[in-house]
Structure formats: structure tokens, C-alpha cells
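Encoded as C-alpha cells, the structure appears first; notes follow it.
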Amino acid sequence: MRKTPSKRLNKTLLKLALQYPLTALDFLHTEEDIVHTDLKSDIVFSVADKYALDDFCRDEIRDPTPQKIIDKTRTVYTSRAPRDPADSNWGPWVLCGFGEARIGKLHKVANIGEAQPHICRAPEVSFMISCDSKVDIWNVPNLPTPSITLHYARFGSPRERSSSKHG
Numbered sequence: 001m002r003k004t005p006s007k008r009l010n011k012t013l014l015k016l017a018l019q020y021p022l023t024a025l026d027f028l029h030t031e032e033d034i035v036h037t038d039l040k041s042d043i044v045f046s047v048a049d050k051y052a053l054d055d056f057c058r059d060e061i062r063d064p065t066p067q068k069i070i071d072k073t074r075t076v077y078t079s080r081a082p083r084d085p086a087d088s089n090w091g092p093w094v095l096c097g098f099g100e101a102r103i104g105k106l107h108k109v110a111n112i113g114e115a116q117p118h119i120c121r122a123p124e125v126s127f128m129i130s131c132d133s134k135v136d137i138w139n140v141p142n143l144p145t146p147s148i149t150l151h152y153a154r155f156g157s158p159r160e161r162s163s164s165k166h167g
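The opening residue of the sequence shown carries number 1 in UniProt numbering; numbering runs sequentially from there.
Next up, the structure:
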């Protein structure tokens, strides 16, 4: 995704960037009763330059990323960063990374407690009560700008800062 000269997403780019993952979440929640539970910036990926993906595959064949076999059904893989596409030709964002997804309308917290990043964890998960697809919305701030999310979660927005809240 292209950034502005200031290296930040402006409001218009942010709205465009969030359109794809929010549409995907709407489909998952309303049509399929699936809760993603683990939204974060490293699982939203798309590239319009197909040669970047060809290079990625060739590198993986030549030098496979490390992996750890947990049991007969589970393997943990190390991530490999793809090269930037030619001319920064990133395509639309695609929601992926369904390893922690849950199917059904209601879920026990024990089933999703570890999946959601702590920084934007839904209150239902924090208080260990049953939750539904709405828990995904709490993780939307993690998608395009995790550093901004972290900043506001730790320090509050500039208007919210006060010596009583942040010593």
C-alpha cells in the first residue's frame, strides 16, 4: 500500500484500506458464522506484482523457512517476508490467517483468549464471558497501523493525556 509523503496513511487512504477487510469480516460474520479472532497487520496481504510471489516461492524452495512439528496435525512455520513489489505495486488487502478462527455464534473465552492480541482485546475476552463475532471489531485497529494503535493504547491521544492518567 502506498503511503503519503509523510509516511502515514491519511484519512482517505485509511478508509480505502479498511474497506476490504471490513467487507470480508461482514461476510464471515453474517453469511458463515465465522469469527476470525486474530486480526493484525501481518495477516492482511495482497500484491499486484506476480513476480514478487514467484521470487517468494523460489526462495522457499531453495531455502525453506524453519518449522517445528508439534504433533501429527500441527506444524508451526516461520514467516518469510516477501520482497517489495516493483514500483510498490501492492494490490487490495485480503483477509487471511484463519488459524485461530472459530465457527459458530457463541464462543467460550477459553477458546479465544490467547488468539486476540492483548493491546486490543475485546472486553468479553478480558472478563472471560461468552462472546460472538463482535470481538473481531476490537482488533480492527491492529490492521493497517499497529504502531499508532500501540501509541494510543499506552499513552492515549494527545487530547486525553493528563498527569492524573499517565503520571
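Every residue, glycine too, gets a C-beta built ideally from N, C-alpha and C.
| Asked | Found |
| --- | --- |
| Distance, E31 Cα to I70 Cα | 33 Å |
| Continuous alpha helix (DSSP H) assignments of at least 4 residues falling wholly in the segment 6 to 84 | 11 to 31 and 50 to 62 |
| Per DSSP, the bridge partner or partners of H107 | C131 |
| Rounded separation between D87 and L53 - CA only | 15 Å |
| Whole-angstrom distance between K50 and P92, CA atom to CA atom | 14 Å |
| Extent of the continuous alpha helix (DSSP H) run through V140 | No alpha helix (DSSP H) holds V140; DSSP gives it neither H nor E. |
| Segment contact, 8 Å Cβ cut-off, at least three pairs: the segment 60 to 80 with the segment 126 to 137 | no |
| Same chain, Cβ closer than 8 Å to I61, five either side skipped, listed in chain order | none |
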